[in-house]
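Structure record follows, encoded as structure tokens.
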Amino acid sequence: AQTVTQSQPEMSVQEAETVTLSCTYDTSESDYYLFWYKQPPSRQMILVIRQEAYKQQNATENRFSVNFQKAAKSFSLKISDSQLGDAAMYFCAYSNFGNEKLTFGTGTRLTIIP
Amino acid sequence: GAGVSQSPSNKVTEKGKDVELRCDPISGHTALYWYRQSLGQGLEFLIYFQGNSAPDKSGLPSDRFSAERTGGSVSTLTIQRTQQEDSAVYLCASSPLGGLAGGLYNEQFFGPGTRLTVL
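Here the protein sequences come in this chain order: A and B. Residue numbers for the first sequence follow our numbering, beginning at 1264 and rising by one. Residue numbers for the second sequence follow our numbering, beginning at 45 and rising by one.
Set out below in structure tokens:
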């Protein structure tokens, strides 16, 4: 079975600074997807960014980028120019290629310091 | 258009009672998922519906949990004889097709969840 581990229960960053959230995973599959989701107090999960395992290029979405290290099974999220609206729980998630279920980590609570 | 909606937003019940949680997916989405988020934990997969196929129930924690999806749209998650450990936020998501149908990734869109508290 696949597992996803987030070892940082809480992180904080000064507004406008850069922060990196860590995630490691375990799988025996070669094709899969990795995701970062944001969960604000409203509880609604919002997809931030996704990475296809077969792509070597790291995914980027505006201020959000990932560092995908397939051999190390590491998938970190970098948030540049942090904004107050970035404050939320961030979850790393995994999905097998061809399997619809998402496996989530336990989350990192990100606080933005004004 | 409207997103995924769930009702009720909050539910408080007594131990031993049955509860029903409802999910209205985005119109036209054929895939529907239920997840559970216990306090301080990530989301845990419960069940997955895709069109007319038999649902994937592999994540249901016990036979007290069941779910149905009527007419390929609305879904109801039922918990019988609730226990205190059932207290959690129950999240529903829908997707245009199965998550990886046709080799393409189809994003899961989540609802706001139902917070269940069992006293």
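Note that CB positions come from ideal geometry on N, CA and C, so glycine has one too. Small disclaimer: the values here were computed from a predicted structure and weren't measured.
Apart from the five residues on each side of it in sequence, which residues of its chain come closer than 6 Å, Cβ to Cβ, to residue i?
i                       : result
residue 83 of chain B   : none
residue 66 of chain B   : 51, 120
residue 1359 of chain A : 1292, 1295
residue 1332 of chain A : none
residue 1288 of chain A : 1267, 1336, 1357
residue 1281 of chain A : 1343
Who are the neighbours of residue i on chain A, taking C-beta pairs under 9 Å?
i                      : result
residue 133 of chain B : 1306
So residue i contacts chain A; which residues on that side make the cut at Cβ distance below 7 Å?
i                      : result
residue 157 of chain B : 1306
residue 151 of chain B : 1310
residue 85 of chain B  : 1369
residue 154 of chain B : 1307, 1308
Of the choices the options, whose alpha-carbon is the least far from that of residue i?
i                       : options                        : result
residue 1344 of chain A : A/1269, A/1271, A/1317, A/1276 : A/1276
residue 1299 of chain A : A/1280, A/1367, A/1363         : A/1367
residue 1372 of chain A : A/1351, A/1312, A/1346, A/1364 : A/1351
residue 62 of chain B   : B/130, B/156, B/155            : B/130
residue 113 of chain B  : B/87, B/74, B/105, B/102       : B/74
residue 48 of chain B   : A/1307, A/1290, A/1334         : A/1307
residue 101 of chain B  : B/86, B/76, B/125              : B/76
residue 141 of chain B  : B/54, B/97, B/155, B/64        : B/97
Secondary structure at residue i, three-state DSSP: helix, strand or coil?
i                       : result
residue 1347 of chain A : helix
residue 151 of chain B  : coil
residue 124 of chain B  : coil
residue 62 of chain B   : coil
residue 1281 of chain A : coil
residue 1289 of chain A : strand
residue 114 of chain B  : helix
Give me the chain A residues within the contact set of residue i, using Cβ-Cβ distance strictly less than 8 Å, ordered along the chain.
i                     : result
residue 75 of chain B : 1363
Which same chain residues, not among the five before or five after residue i, have their C-beta less than 7 Å away from its C-beta?
i                      : result
residue 117 of chain B : 69
residue 103 of chain B : 88, 89, 90, 91
Ignore the nearest five residues each way along the sequence and tell me which others in residue i's own chain have a CB closer than 8 Å to its CB.
i                       : result
residue 1263 of chain A : A query on residue 1263 of chain A cannot be resolved here, the shown segment of chain A reaching from 1264 to 1377 and no further.
Does the ligand NAD have a heavy atom nearer than 7 Å to the CB of residue i?
i                       : result
residue 1337 of chain A : In the structure shown, the ligand NAD is absent, as is every other ligand, since no ligand is present at all.
Under 8 Å, Cβ to Cβ, is there at least one residue of chain E near residue i?
i                       : result
residue 1304 of chain A : Looking for chain E here will not work: the only protein chains present are A and B.
- prompt: At a Cβ cut of 8 Å, what residues of the stretch 87-98 of chain B count as close to chain A, listed as they run along the chain?
  reply: 87, 88, 89, 92, 94
Residues in the stretch 1325-1355 of chain A having any Cβ partner in chain B nearer than 7 Å: 1354
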